[in-house]
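Notes follow the structure.
In this note's numbering, the protein residues as written are 2 to 250.
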């Protein structure tokens with residue numbers, strides 16, 4: 002298995018009239034092809050800044066970021082940002098329109114995704130007619146429509162209530178696994194991280210670096226979030242991450 006992304010000794014600071022605020026200091030890690038990586042850390046430690054650097058929205062001040070220049074990246078944000086004046090179908094093909102890539106092959110692919118994830122019968126409805134969980138599925142399909150090789154997920158479930166969040170995060174985790182995509186998930190939810198990810202990175206408080214790495218595996222399939230959370234392995238992983246985060250306070 003080859004790294005799809007490598008960060009080496011990355012630094013980033015925010016600058017304003019009052020001076021410099023270091024956000025990331027000496028960040029180094031790799032992401033392997035097909036891996037689901039979760040990143041957790043104290044509030045304000047620079048998790049979203051890190052995704053912005055990976056996506057190219059921000060440029061690292063020092064250090065190196067290595068990946069195939071042809072790598073396609075999809076970014077799923079905290080809020081679905083679906084446009085109310087467009088139907089669900091029109092929303093999910095937005096990226097294809099912006100890339101001038103609305104071909105029959107791609108629209109057929111989108112229609113199949115809508116069928117696979119239970120939204121086909123809602124494709125002509127407006128976002129306000131869908132539940133929060135359905136809107137997040139639509140947002141994922143919009144991201145998947147451009148066939149990204151790397152998915153960046155910036156707390157995409159945080160706006161959902163607990164029960165919906167648990168169900169939708171498990172569904173989307175299974176979608177990502179079944180399609181073989183590489184994913185990086187930013188989350189404050191330790192349970193979510195160890196339920197979905199193959200590996201969890203714990204960041205230190207700002208300026209952040211990787212302070213701990215946890216490999217995650219279970220003896221059962223990850224088809225049910227509840228089943229995972231009832232395992233002894235889950236409890237062990239949770240306690241380990243809780244201790245690492247508590248030690249940083």
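Even glycine gets a Cβ: it sits at the ideal position worked out from N, Cα and C.
In chain order, 155 and 187 place their CB closer than 7 angstroms to the CB of residue 49, counting only its own chain and leaving out the 5 sequence neighbours on each side.
With respect to the 8 angstroms criterion, residue 137 and residue 169 are classified as neighbours on the basis of their beta carbons. In this structure, the beta-carbon distance from residue 59 to residue 13 falls below 8 angstroms.
For residue 108, the three-state secondary structure derived from DSSP is helix.
Taking residue 224 as the centre and dropping the five residues before and after it, the same chain places no C-beta closer than 6 angstroms to its C-beta. The beta-bridge partner set that DSSP reports for residue 20 consists of 17.
Residues 92, 128, 136, 139 and 140 of the same chain have their beta carbon placed closer than 7 angstroms to that of residue 83, with the five preceding and five following residues left out of the count. Contact between residue 33 and residue 211 is absent: CB atoms are separated by about 15 angstroms, not below the 8 angstroms threshold. Taking C-alpha positions only, residue 236 is separated from residue 213 by approximately 18 angstroms.
In terms of Cβ geometry, residue 21 and residue 199 do not form a close pair [threshold 8 angstroms].
Between residue 57 and residue 25, the CB-CB gap reaches or exceeds 8 angstroms. Residue environment: residue 44 is assigned as exposed (fewer than 16 neighbouring CB atoms within 10 Å of its CB, all protein chains considered).
Residue 152 places its beta carbon less than 8 angstroms from that of residue 183. Take residue 31, set aside five residues on each side of it, and the residues of its chain with a beta-carbon closer than 6 angstroms to its own are 4 and 7, in chain order. Contact annotation, residue 202 with residue 38: C-beta distance approximately 7 angstroms; criterion of less than 8 angstroms satisfied.
Here DSSP, grouped into helix, strand and coil, assigns residue 212 to strand.
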